[in-house]
Ligand code: SF4
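In our numbering, the protein residues as written are 56 to 200.
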């Protein structure tokens, strides 16, 4: 049983987690890595708003609840603009809390993909291997529009 927590971008703070929870159930996007494995979500919160002050505390609370992995929600990657602190969080969380951190939750929705490809947002800004996992395939991206 893998226990995980999710931190979302505060700009989506009213989000009920629909896409994240669906993708966890379907084991796609950032959750494809758990195929065939049981997963329990033990924490879900926002970053607290720029510059992400809650990232200083939330992983600890998740860890106290058994979480081994923190997923930074896909909203940090696809928002306009993507979170400027994403790289920092990816380095800070393992170092500070000894927890694994994963970029992303649900697959990138196709409508966001098209705009970001047009803008040339992602090269050099996000880890391309992580992005590749979140991109899934076109049919999946459309299903998450
Ligand atoms: S852009 Fe980053 S720091 Fe700002 S609210 Fe979103 S996740 Fe938090």
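Ideal Cβ positions, reconstructed from N, Cα and C, are used throughout, including at glycine.
Hey, would you say the C-beta of residue i is under 7 Å away from at least one heavy atom of the ligand SF4?
i, result
"residue 107", "yes"
"residue 189", "no"
"residue 88", "no"
"residue 199", "no"
"residue 65", "yes"
"residue 79", "no"
"residue 135", "no"
"residue 72", "no"
"residue 75", "no"
"residue 104", "yes"
"residue 140", "yes"
State buried or exposed for residue i, treating a residue as buried only when at least 16 other CB atoms are found within 10 Å of its CB.
i, result
"residue 187", "exposed"
"residue 174", "exposed"
"residue 114", "buried"
"residue 169", "exposed"
"residue 131", "buried"
"residue 68", "exposed"
"residue 166", "exposed"
"residue 32", "Nothing about residue 32 can be read from this structure; the chain reaches only from 56 to 200."
If contacts are defined as beta-carbon pairs under 8 Å, then residue i and residue j qualify, I think. What distance do you get, rounded to the angstrom?
i, j, result
"residue 157", "residue 121", "So it is not a contact: roughly 16 Å between Cβ atoms."
"residue 95", "residue 56", "6 Å"
"residue 154", "residue 194", "The pair is not a contact, with the Cβ atoms about 32 Å apart (cut-off 8 Å)."
"residue 102", "residue 62", "6 Å"
"residue 159", "residue 189", "4 Å"
Counting only C-beta atoms, is residue i closer than 8 Å to chain D at any point?
i, result
"residue 176", "Annotation note: the requested chain D is absent from the structure, which comprises a single protein chain."
Using the Cα positions of residue i and residue j, report the straight-line distance between them to the nearest angstrom.
i, j, result
"residue 78", "residue 162", "7 Å"
"residue 180", "residue 135", "13 Å"
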